[in-house]
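Take a look at the structure set out below.
There are 2 protein chains.
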Amino acid sequence: MDRRQEILEAAAKSFSLFGYKATTMDQVAKIANVGKGTIYTFFANKEELFNAIVLQMVEEMRVASDAATVEGASFEQNAHARLMQMLKFRETHQLYAKLVDEGKELRTPAVIEVLAEIENEIVSYIKTKIERAIDKGELKPCDSKLVAYLLFKSYMALVVDWGKTHEDEELSEERIAGLLRSTIFTSLLA
Amino acid sequence: MDRRQEILEAAAKSFSLFGYKATTMDQVAKIANVGKGTIYTFFANKEELFNAIVLQMVEEMRVASDAATVEGASFEQNAHARLMQMLKFRETHQLYAKLVDEGKELRTPAVIEVLAEIENEIVSYIKTKIERAIDKGELKPCDSKLVAYLLFKSYMALVVDWGKTHEDEELSEERIAGLLRSTIFTSLLA
DNA sequence: TATTGACCAGGAAACAATTATGGTCATTCA
DNA sequence: TGAATGACCATAATTGTTTCCTGGTCAATA
Chain A
595 MDRRQEILEA AAKSFSLFGY KATTMDQVAK IANVGKGTIY TFFANKEELF NAIVLQMVEE
655 MRVASDAATV EGASFEQNAH ARLMQMLKFR ETHQLYAKLV DEGKELRTPA VIEVLAEIEN
715 EIVSYIKTKI ERAIDKGELK PCDSKLVAYL LFKSYMALVV DWGKTHEDEE LSEERIAGLL
775 RSTIFTSLLA
Chain B
595 MDRRQEILEA AAKSFSLFGY KATTMDQVAK IANVGKGTIY TFFANKEELF NAIVLQMVEE
655 MRVASDAATV EGASFEQNAH ARLMQMLKFR ETHQLYAKLV DEGKELRTPA VIEVLAEIEN
715 EIVSYIKTKI ERAIDKGELK PCDSKLVAYL LFKSYMALVV DWGKTHEDEE LSEERIAGLL
775 RSTIFTSLLA
């Protein structure tokens, strides 16, 4: 079997299980049944290997997000479904959840960097969806980059942050959807 | 002069200059020209003294925020002015800025707690302003608590967070105001 | 009765010693 | 002969130990 592929799988497993810092190259080599040196013929260093794994994950997330959309549904419905899907992915997917935790607790720089890149990726993704909806005439023209950013941050705030300070008062998905419909989404319509 | 007051002033000075952790009770006592024991006749412990100082600051912030409003101006104009004022206060006011930094860098629990309380206070403040505007018939009824939360988080995102990941592309206040007008504010109008 | 500062226990720094790890490269196969 | 390997190395992280600080107390004081 392809050595590069075995290494990728071993690394994905280890990063998911132990995070970035606690994953050692020896560990990855052993899981992949490969000499440590072999890893370095495919990846320049630990961080590049890590980036490759994260790239895979971002692709997975894009697929999951696309799968959450309904052909023919409104921009609001699909944007909501996509964002909720990505935030669910964020706390469900073993690797993503581990990285969020490691970024917050250990502050590993490589992890913080990668998390920022992922968020950028998500915002870009939303941005293209907004632009497509504008082209279709469903939304009126707007600063798509900023609106995408605002939408992402709003969902993060309501889905992720709110619970941290309002442990008692859980927000239902309907309440979130309702709030955003009556504020942001409606005003984006053409 | 009032001993309690001297202690408060000394503590305010020290917390502003050095933050929570790096302020020692001996330090405060010396600045206040008071025996250390005396502090404990007014405040149960360091944290209570700290809370008293922060309470003062929240009051200052409320005053500054009220001062930024214009009688007779629209809800949007005043809400924008208030929120910008409070976020400016956040990075301008020596104590607030120090606490934000200490919360992020040192993760001092007492500081993190207090920062959460301050944000709660700000959101409550916005909430009352929203409710007043609803009573006046300027805004249509809405989930004032959630809308206040969303507004605060949106401003934080655009004013504070954006710059961290888009160092090159500074957001002008006009662009921020424009974005929020065309999304959130307009849809709140009665 | 209000104030004080020497005093104390517990926890944080500072330092030293030990271990673990990312990355290299001479050697080894296939 | 060139891809694969793992012993090896410098450095970073961790652990253990000692010392120093600091929040809080309270007997002495004014």
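Chains A and B, in that order, are what the protein sequence lines are.
With our numbering applied, the first sequence corresponds to residues 595 to 784, in that order.
With our numbering applied, the second sequence corresponds to residues 595 to 784, in that order.
We treat Cβ as the ideally placed atom computed from N, Cα and C, and that holds for glycine.
Listed by position along chain B, the residues whose Cβ is nearer than 8 Å to that of threonine 780/A are Ser781.
The Cβ atoms of valine 741/A and lysine 721/A sit closer than 9 Å to each other. Each of Ser781/A, Gln679/A, Glu732/A, Val708/A was checked against the Cα of leucine 693/A, and the nearest Cα belongs to Val708/A. Per DSSP, glutamate 603/B is one residue of the alpha helix (DSSP H) stretching across 597 to 612. Closest by C-alpha distance to methionine 595/B, out of Phe609/B, Gly613/B, Asn627/B, is Asn627/B.
Straight-line spacing of the CA atoms in proline 735/A and phenylalanine 637/B works out to 57 Å. When Cβ-Cβ separations below 9 Å define contact, lysine 721/A makes no contact with chain B. Separation of aspartate 755/A and tyrosine 743/B (C-alpha to C-alpha, rounded to the nearest whole angstrom) is 10 Å.
Interface flag for serine 668/B against chain A is unset, since no Cβ pair is found closer than 9 Å.
Short of 8 Å from the beta carbon of histidine 687/B, and not among the five residues preceding or following it, lie these beta carbons of its own chain, in chain order: Met651, Glu654, Met655. With a 10 Å radius around the Cβ and a threshold of 16 neighbouring Cβ atoms, lysine 723/A comes out buried.
When secondary structure is reduced to three states using DSSP, leucine 765/B falls in the coil class, being assigned neither helix nor strand.
Beta-bridge partners of leucine 649/B (DSSP): none assigned.
With a contact defined as Cβ atoms closer than 8 Å, arginine 684/B and threonine 663/B miss out at about 18 Å. Taking a contact as a CB-CB distance under 8 Å, the pair serine 781/A and threonine 618/B does not count as one, their CB atoms being some 52 Å apart.
The criterion of a C-beta distance shorter than 9 Å is satisfied by threonine 702/A and lysine 615/A.
Look at leucine 740/A here: in three-state DSSP terms it is helix.
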